[in-house]
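Enquirer: Have a look at the structure that comes next, please.
Protein chains: 2
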Amino acid sequence: MGATIHDVAARAGVSVATASRSLSGKRGVRPENHERVLAAARELNYEPNAVAAALRSRTTHTIGMVVPRISNPFFATMVEAIEQQLQEGQRSLLLGTSHYDPDVELRQIQALLDRRVDALITIPCHRERSASATQLASTRVPTVQLDLRLEGNVSGWVGVDNDAGIVQVIEHVLAGGARSLAFVGASPSDSSSQERLDSYRRAATRLDGPHGPVLLGDFTIEWGQEAATRLLDGDDLPDAIVCGNDTIALGVLRALTRRGVRVPDDVQVTGFDDIAYAELAEPPLTTIRQPQRHMAAEVVRMLTDQLSGATESTRRVAVVPELIVRASTASE
Amino acid sequence: MGATIHDVAARAGVSVATASRSLSGKRGVRPENHERVLAAARELNYEPNAVAAALRSRTTHTIGMVVPRISNPFFATMVEAIEQQLQEGQRSLLLGTSHYDPDVELRQIQALLDRRVDALITIPCHRERSASATQLASTRVPTVQLDLRLEGNVSGWVGVDNDAGIVQVIEHVLAGGARSLAFVGASPSDSSSQERLDSYRRAATRLDGPHGPVLLGDFTIEWGQEAATRLLDGDDLPDAIVCGNDTIALGVLRALTRRGVRVPDDVQVTGFDDIAYAELAEPPLTTIRQPQRHMAAEVVRMLTDQLSGATESTRRVAVVPELIVRASTASE
DNA sequence: CAGCTGACGGAAATCGATTACCGTGATGCA
DNA sequence: TGCATCACGGTAATCGATTTCCGTCAGCTG
Chain Y
1 MGATIHDVAA RAGVSVATAS RSLSGKRGVR PENHERVLAA ARELNYEPNA
51 VAAALRSRTT HTIGMVVPRI SNPFFATMVE AIEQQLQEGQ RSLLLGTSHY
101 DPDVELRQIQ ALLDRRVDAL ITIPCHRERS ASATQLASTR VPTVQLDLRL
151 EGNVSGWVGV DNDAGIVQVI EHVLAGGARS LAFVGASPSD SSSQERLDSY
201 RRAATRLDGP HGPVLLGDFT IEWGQEAATR LLDGDDLPDA IVCGNDTIAL
251 GVLRALTRRG VRVPDDVQVT GFDDIAYAEL AEPPLTTIRQ PQRHMAAEVV
301 RMLTDQLSGA TESTRRVAVV PELIVRASTA SE
Chain R
1 MGATIHDVAA RAGVSVATAS RSLSGKRGVR PENHERVLAA ARELNYEPNA
51 VAAALRSRTT HTIGMVVPRI SNPFFATMVE AIEQQLQEGQ RSLLLGTSHY
101 DPDVELRQIQ ALLDRRVDAL ITIPCHRERS ASATQLASTR VPTVQLDLRL
151 EGNVSGWVGV DNDAGIVQVI EHVLAGGARS LAFVGASPSD SSSQERLDSY
201 RRAATRLDGP HGPVLLGDFT IEWGQEAATR LLDGDDLPDA IVCGNDTIAL
251 GVLRALTRRG VRVPDDVQVT GFDDIAYAEL AEPPLTTIRQ PQRHMAAEVV
301 RMLTDQLSGA TESTRRVAVV PELIVRASTA SE
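The following block contains the structure:
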């Protein structure tokens with residue numbers, strides 16, 4: 001069925017070597033022969049077999065990526081941004097999901113390595129139990145981990161500067177007139193929640209003296225509602241509630257508005273991540289936008305650097321996120 | 001660096017043929033030799049080269065998929081469900097995005113074909129201009145299109161039964177006491193909006209006599225708000241507003257509650273798709289859930305049927321979606 | 001004019017598996 | 001016993017490109 005490079009070479013009256021060189025433009029080929037090869041390829045409707053090329057050249061032009069899941073909008077956006085970056089470099093994306101199971105994650109990584117991907121991007125699914133899989137990967141191909149930071153790894157890392165984000169939020173609500181704060185977050189089961197909590201404690205203390213109450217639960221609407229209810233039932237409501245992510249903040253907002261508390265007049269509320277619904281909430285939520293495109297560009301840059309054999313490239317990049325001001329905080 | 005099957009065969013004291021057969025379990029190998037091969041592979045830390053296997057066997061165990069974008073939650077869920085299905089069959093997913101550009105879509109499909117994917121799944125990005133690319137694909141490998149239906153194509157198709165969904169919604173609000181209806185949808189630029197509109201007209205007429213007003217705009221919150229405002233300013237408000245999708249319904253809900261109209265007491269509101277935020281709206285939105293996992297299973301079944309050489313397999317499947325009843329409609 | 005260099009073409013090796021084909025010894029059956 | 005069949009092993013071809021290695025020829029130099 002399909003024409004091979006032999007057919008093309010025969011039709012052009014040259015050797016396969018010349019045909020190959022002509023089509024990939026690796027070495028000089030006389031313009032006359034070049035034309036004939038191109039013409040022959042077109043006439044035969046030649047479709048190069050990337051599998052054969054990959055076997056010989058030991059390069060698949062394919063990047064593997066393993067994420068916990070795709071239906072999470074944050075991950076989906078990361079995948080999309082990375083795929084687009086790769087497209088520009090004529091590479092393809094081989095995608096796997098771990099469903100937050102480290103064993104599945106390991107199997108997926110192994111499958112991608114068997115397929116000889118040129119490099120690997122992972123969003124690890126577990127702080128400790130993902131380490132060995134990433135370790136394995138990084139001995140085989142250039143590897144970058146996204147978002148979650150693992151202990152003692154040897155691969156590259158790109159993530160968000162949680163500290164910078166929290167600091168921006170706090171400075172913003174203080175500028176809006178807040179004198180007392182509270183933090184509603186998640187128990188530090190991963191590096192992000194840990195960092196956001198630490199940053200809050202540090203920044204609140206530095207900027208505001210002793211920081212207010214810290215309530216820790218999980219990243220759900222329900223927890224946000226419950227935490228807000230606790231604050232409402234407590235002694236005195238803080239001027240601003242800083243939340244560990246947007247989902248929590250939506251729950252907080254809902255509990256407050258149901259109890260007739262005005263946002264931002266009585267209490268300012270902030271989130272983190274800028275998920276799609278942040279903009280649709282009532283009132284729209286001030287939050288920190290994850291710089292996904294920026295992170296994707298950084299990841300791909302890091303990998304292509306390594307693939308083109310850079311001697312020593314950057315190993316860790318924390319991208320500074322952006323404050324998105326909406327109606328849930330005071331405007332000045 | 002890596003051990004090849006030759007090394008494994010040598011260490012096990014057998015030929016490469018026996019090693020290959022033993023590892024892939026294709027043909028009988030004496031248990032004794034089988035053990036020795038497995039032991040040798042383990043000792044050498046043998047990692048099979050899937051690229052070489054693919055070249056010879058003409059099978060990559062890889063499925064290509066091209067979607068308009070991944071950050072759209074509906075597409076993300078489809079990709080996730082399909083990836084999971086493929087995982088079970090030991091296949092991998094090579095993913096490309098078209099960003100709603102038919103030229104990009106064509107390039108992506110071509111790239112996937114060059115990589116010799118075993119089959120192709122597309123969510124076409126344009127009703128007319130995607131046809132040629134899909135056509136091309138389906139002459140090369142088994143192909144299934146999802147969601148959008150193209151004219152006169154020769155590949156398989158899996159989608160949602162929009163008609164069944166709309167009928168369920170209408171029967172539900174009528175059962176809840178509605179005597180008059182309105183439809184807020186999008187101009188029929190794709191087959192889904194067309195079908196939903198047609199179904200509404202048919203079903204409303206059949207079930208309710210002459211149907212109420214039909215307002216067409218686009219799939220946005222803003223349009224939902226505007227349409228609701230128009231209805232509010234009109235002569236008399238219908239008992240139920242059927243929306244073409246959830247986004248529109250959210251806009252409708254917002255406009256109604258801002259004007260003090262009670263949902264569902266004064267007006268019932270329904271959506272379509274069951275996006276994540278439907279559950280979080282005030283009140284939570286009654287809607288039609290896209291049966292994504294079911295559709296994914298259907299797609300993969302269709303492809304594996306064809307790959308295992310079924311003589312004649314199903315070509316078109318419309319999956320019936322599920323009605324999700326929440327507080328935006330009357331409970332009885 | 002001898003010798004060197006550089007540009008280019010071609011033959012053949014190569015990547016690492018699968019598989020077609022053949023050979024051999026054991027077994028079943030009449 | 002004679003012969004067909006079966007189970008299994010090995011040799012070598014094969015998939016379709018890239019790449020190494022070498023040869024040729026033109027042009028340039030001194």
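Residue numbers (the UniProt record's numbering), protein chains in the order written: chain Y, 1 to 332; chain R, 1 to 332.
Note that CB positions come from ideal geometry on N, CA and C, so glycine has one too.
Remember, predicted model here, so these are calculated numbers, not experimental data.
Out of curiosity, what's the CA-to-CA distance linking residue 27 of chain Y and residue 21 of chain Y?
Expert: Near 6 Å, if we compare the C-alpha coordinates of residue 21 of chain Y and residue 27 of chain Y.
Enquirer: Under 8 Å, do residue 283 of chain R and residue 328 of chain R count as touching if we go by C-beta distance?
Expert: The answer is yes: Cβ separation under 8 Å.
Enquirer: Run through chain Y and tell me which residues come within less than 8 Å of residue 84 of chain R, C-beta to C-beta.
Expert: Residues of chain Y passing the Cβ test: 97 and 99.
Enquirer: Could you give the residue range of the beta strand (DSSP E) that holds residue 75 of chain Y?
Expert: Careful: residue 75 of chain Y lies outside any beta strand (DSSP E), inside the alpha helix (DSSP H) at 73-88.
Enquirer: Mind reading off the beta-carbon distance from residue 40 of chain Y to residue 8 of chain Y? Whole number of angstroms is fine, and I expect it under 8 Å.
Expert: So it is a contact: roughly 5 Å between Cβ atoms.
Enquirer: Any chance the stretch 211-221 of chain R sits against the stretch 178-194 of chain R, with 3 or more Cβ pairs inside 8 Å?
Expert: Yes, since at least three Cβ pairs between the stretch 211-221 of chain R and the stretch 178-194 of chain R fall closer than 8 Å, the two stretches touch.
Enquirer: If you follow the beta strand (DSSP E) that residue 92 of chain R is part of, which residue opens it and which one closes it?
Expert: Start and end: 92-97.
Enquirer: Return helix, strand or coil for residue 285 of chain R, following the three-state DSSP convention.
Expert: DSSP places residue 285 of chain R in coil when its eight states are reduced to three.
Enquirer: Taking its Cβ as the centre, do 16 or more other Cβ atoms sit within 10 Å of residue 61 of chain Y, making it buried, or is it exposed?
Expert: Result: buried.
Enquirer: Measure the C-alpha to C-alpha separation of residue 95 of chain Y and residue 124 of chain Y and round it to an integer number of angstroms.
Expert: Approximately 14 Å between the Cα atoms of the pair.
Enquirer: With 16 as the cutoff for other CB atoms within 10 Å, does residue 45 of chain Y come out buried or exposed?
Expert: Exposed: under 16 other Cβ atoms inside 10 Å.
Enquirer: How is residue 257 of chain R classed by DSSP in three states: helix, strand or coil?
Expert: DSSP places residue 257 of chain R in helix when its eight states are reduced to three.
Enquirer: Is the Cβ of residue 79 of chain R closer than 8 Å to any Cβ of chain Y?
Expert: With 8 Å as the cut-off, residue 79 of chain R counts as an interface residue toward chain Y.
Enquirer: For the beta strand (DSSP E) that residue 66 of chain Y lies in, which residues bound it at each end?
Expert: Run containing residue 66 of chain Y: 62-67, per the beta strand (DSSP E) assignment.
Enquirer: Flag this pair as yes or no: are the beta carbons of residue 270 of chain Y and residue 173 of chain Y separated by less than 8 Å?
Expert: The answer is yes: Cβ separation under 8 Å.
Enquirer: What are the boundary residues of the alpha helix (DSSP H) that residue 317 of chain Y is part of?
Expert: Where residue 317 of chain Y is concerned, there is no enclosing alpha helix (DSSP H), although the beta strand (DSSP E) it sits in stretches over 316-319.
Enquirer: Taking Cβ-Cβ distances below 7 Å as the criterion, which residues of the stretch 46-69 of chain Y are in contact with chain R?
Expert: Cβ contacts with chain R come from 47, 48, 49, 50, 51, 52, 54, 55, 60 and 69.
Enquirer: Could you spell out the range, first to last residue, of the beta strand (DSSP E) harbouring residue 270 of chain R?
Expert: Where residue 270 of chain R is concerned, the enclosing beta strand (DSSP E) stretches over 268-270.
Enquirer: Using the rule of at least 16 other Cβ atoms within 10 Å of the residue's Cβ for burial, across every protein chain shown, is residue 200 of chain R buried or exposed?
Expert: When all chains shown are included, residue 200 of chain R counts as buried.
Enquirer: Counting contacts by CB-CB distance shorter than 8 Å, is residue 76 of chain R in contact with chain Y?
Expert: Closer than 8 Å to some Cβ of chain Y, the Cβ of residue 76 of chain R qualifies, so yes.
Enquirer: Anything in chain R within Cβ reach of residue 284 of chain Y, meaning under 9 Å, just list it in chain order.
Expert: Ordered by position in chain R, no residue passes the 9 Å Cβ test against residue 284 of chain Y, which lies about 12 Å from the chain.
Enquirer: Once DSSP output is grouped into helix, strand and coil, what is the label at residue 41 of chain R?
Expert: Helix, per DSSP.
Enquirer: Which residue's Cα is closest to the Cα of residue 127 of chain R: R:147, R:239 and R:113?
Expert: The shortest Cα separation from residue 127 of chain R among R:147, R:239 and R:113 belongs to R:147.
Enquirer: Would you grab the beta carbon distance between residue 137 of chain Y and residue 120 of chain Y for me? Rounded to a whole angstrom, and I think it's under 8 Å.
Expert: That pair is a contact at about 5 Å.
Enquirer: Roughly how far, in whole angstroms, is the beta-carbon of residue 255 of chain Y from the beta-carbon of residue 228 of chain Y, given that I think they are within contact range, below 8 Å?
Expert: Indeed, because the Cβ distance is near 4 Å, the residues count as touching under 8 Å.
Enquirer: Which of helix, strand or coil does DSSP assign to residue 143 of chain Y?
Expert: Residue state, collapsed to three classes: strand.
Enquirer: For a test of the three-state rule: what should DSSP assign to residue 70 of chain Y, helix, strand or coil?
Expert: Here residue 70 of chain Y sits in coil by DSSP.
Enquirer: Is it true that the CB of residue 300 of chain R sits closer than 8 Å to the CB of residue 85 of chain R?
Expert: Yes, these two residues count as a Cβ contact at 8 Å.
Enquirer: Counting only C-beta atoms, is residue 218 of chain R closer than 8 Å to chain Y at any point?
Expert: Not closer than 8 Å to any Cβ of chain Y, the Cβ of residue 218 of chain R fails to qualify, so no.
Enquirer: Counting pairs of beta carbons, one from the stretch 252-266 of chain R and one from the stretch 231-239 of chain R, are three or more of them closer than 8 Å?
Expert: Taking 8 Å as the limit for Cβ pairs, the verdict is that the stretch 231-239 of chain R does touch the stretch 252-266 of chain R.
Enquirer: Closer than 7 Å by C-beta to residue 179 of chain R: which residues in its own chain qualify, once you throw out the five before and the five after it? Chain order, please.
Expert: So the list reads 239, once near-sequence residues are dropped.
Enquirer: Does the CB of residue 297 of chain Y have a neighbour CB from chain R at under 8 Å?
Expert: Taking Cβ atoms only, chain R never reaches closer than 8 Å to residue 297 of chain Y, which makes this a no.
Enquirer: Against chain R, which members of the stretch 238-252 of chain Y pass a CB distance test of less than 9 Å?
Expert: Going along the stretch 238-252 of chain Y in chain order, one finds 250 with a Cβ nearer than 9 Å to chain R.
Enquirer: Do residue 244 of chain Y and residue 202 of chain Y have their C-beta atoms within less than 8 Å of each other?
Expert: For residue 244 of chain Y and residue 202 of chain Y, no; Cβs fall outside 8 Å.
Enquirer: Which word fits residue 304 of chain Y, buried or exposed, when buried means at least 16 other C-beta atoms lie within 10 angstroms of its C-beta?
Expert: Result: buried.
Enquirer: Would you verify that the beta carbon of residue 303 of chain Y is, or is not, closer than 8 Å to some beta carbon of chain R?
Expert: Answer no: the Cβ-Cβ gap between residue 303 of chain Y and chain R never drops below 8 Å.
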